[in-house]
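Okay, so the sequence shown: first residue is 557 according to the working numbering, each after it adds one.
A virtual CB, placed ideally from N, CA and C, is assigned to each residue, including glycine.
Worksheet for the structure shown next.
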Amino acid sequence: MKAKIISLLAALIFSVTVFAQSFSVGFRTGANLSNYQSDYDYDLYSNVLTKTNTGFTAGVFANIPMFENFSLQPEINYIEKGAKVYPRQDVYMSRNETTWRYLEIPVLAKYRITSDKGNFYLSGGPFAGYAMSAVQDLQNWPSDGGEGGINRISDDNLKYNFRSDYDTNGQKDNRFDFGLAVGAGVEFNVGPGQFLLDARYGWDLTDNVQFQNGTPDNYPGTFHRDFSITAGYAFPIGGNK
């Protein structure tokens with residue numbers, strides 16, 4: 557069912573343009589800052605915390621005018637999400653940096669405030685994604701040493717193997733991702749098209765873990781939260797800039 561939803565969203569990008577008299581296509585690329593949102597009580601443990609993980613994002617989009625100052629913008633994006641988790645032990649510190657690499661398809665409503673030199677816009681809408689792969693960077697070092705210093709015990713960059721089947725705890729990884737995105741940006745008239753700067757916040761609604769016998773009542777949940785800053789360019793098609 558989830559795969560069908562993603563396929564339908566992808567088809568929307570290509571089919572809806574047939575009905576538009578004029579639209580624009582473009583690309584954007586930049587950085588994505590992500591972390592985990594959870595009800596997990598880290599205070600019960602010794603100095604366990606999460607920090608922001610910096611990843612890469614890039615994608616293509618089509619912007620289809622619907623009404624005055626209002627348009628629909630479906631996209632196909634590559635985006636890296638994850639977090640750095642620091643559990644402190646008695647003898648050493650450790651860091652587990654996990655990066656999930658998603659193919660993500662947002663469908664955004666976009667409202668513009670226009671001017672002669674460019675536009676300011678607000679955007680928002682749902683997205684669906686699929687984790688194509690993931691990697692883990694595992695490090696351990698003595699508690700009295702610095703992170704990444706000469707006393708580092710290990711530094712391993714490992715391919716993460718998704719749990720496609722339920723393990724002995726009745727859990728497996730959820731590679732499908734659904735959520736909401738909201739953002740704002742500016743567009744400047746440059747050459748035949750528009751140069752754009754975009755800031756966006758992503759709010760995942762699906763947990764990273766699936767349970768065989770239903771989600772336990774005391775399970776805290778682990779959801780991606782991310783903030784991206786990108787730059788791009790839009791090319792007008794059909795004479796509409």
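Hey, quick one: how far does the beta strand (DSSP E) through Gly-582 stretch, first residue to last? 579-593
Using the rule of at least 16 other Cβ atoms within 10 Å of the residue's Cβ for burial, across every protein chain shown, is Arg-756 buried or exposed? buried
Are any of the Cβ atoms in chain D nearer than 9 Å to that of Thr-655? Reference to chain D is not applicable here, since this structure consists of a single protein chain.
Could you tell me if Pro-662 is buried or exposed, where buried requires 16 or more neighbouring beta carbons within 10 angstroms of its beta carbon? buried
Measuring straight from C-alpha to C-alpha, what distance separates Ser-590 and Phe-751? When the Cα atoms are used, Ser-590 and Phe-751 turn out to be separated by approximately 25 Å.
Mark Ser-580 as exposed unless 16 or more other C-beta atoms lie within 10 angstroms of its C-beta, in which case mark it buried. Buried is the call here.
Cβ-based burial, Tyr-592 [other Cβ within 10 Å; buried from 16]: buried
Nearest residue (CA-CA) to Ser-689, options Phe-676, Phe-791, Leu-659 and Tyr-677: Leu-659
Between which two residues does the beta strand (DSSP E) containing Pro-630 stretch? Its beta strand (DSSP E) spans residues 626-642.
Which of the three DSSP states is assigned to Gln-695 in this structure? strand
Classification of Phe-683 by the beta-carbon crowding that lies within 10 angstroms, buried from 16 upward: buried
Given a cut-off of 9 Å on the beta-carbon distance, is the pair Ser-784 and Thr-613 in contact? yes
Give a yes or no on whether the C-beta atoms belonging to Gln-695 and Leu-664 are separated by under 9 Å. no
Classify Thr-670 as buried or exposed, calling it buried when 16 or more other Cβ atoms lie within 10 Å of its own Cβ. exposed
Buried versus exposed, by CB contacts within 10 Å (16 or more), Ala-787: exposed
Apart from the five residues on each side of it in sequence, which residues of its chain come closer than 7 Å, Cβ to Cβ, to Leu-673? It should be pointed out that residue 673 corresponds to Lys in this sequence rather than to Leu. So the list reads Phe-744 and Asn-745, once near-sequence residues are dropped.
Residues in the same chain with beta-carbon distance under 7 Å from Thr-606, minus the five sequence neighbours each way, listed in chain order, please. Taken in chain order, the residues that qualify are Asn-591, Tyr-592, Ala-639, Lys-640 and Val-641.
Closest residue to Gly-794 among Ala-618, Gly-741, Gly-586 and Asn-588 (Cα-Cα distance): Ala-618
Per-residue DSSP class, three states only, for Ser-720: Correct three-state label for Ser-720: coil.
Taking 9 Å as the threshold (C-beta atoms), are Gly-611 and Thr-585 in contact? no
How close, in whole Å, do the beta carbons of Thr-762 and Phe-734 come, if the pair is a contact with beta carbons under 8 Å? 5 Å
Residue of Asn-730, Asp-693 and Arg-781 minimising C-alpha distance to Asn-588: Arg-781
Can you check which of these residues, Arg-731, Asn-675, Gly-685 and Asn-652, is closest to Asp-693 by C-alpha distance? Asn-652
Need the endpoints of the beta strand (DSSP E) that Asn-619 sits in, please. 609-623
Local Cβ density within 10 Å of Tyr-677, reported as buried at 16 or more and exposed below that: With 16 or more Cβ atoms within 10 Å of its Cβ, Tyr-677 is classed as buried.
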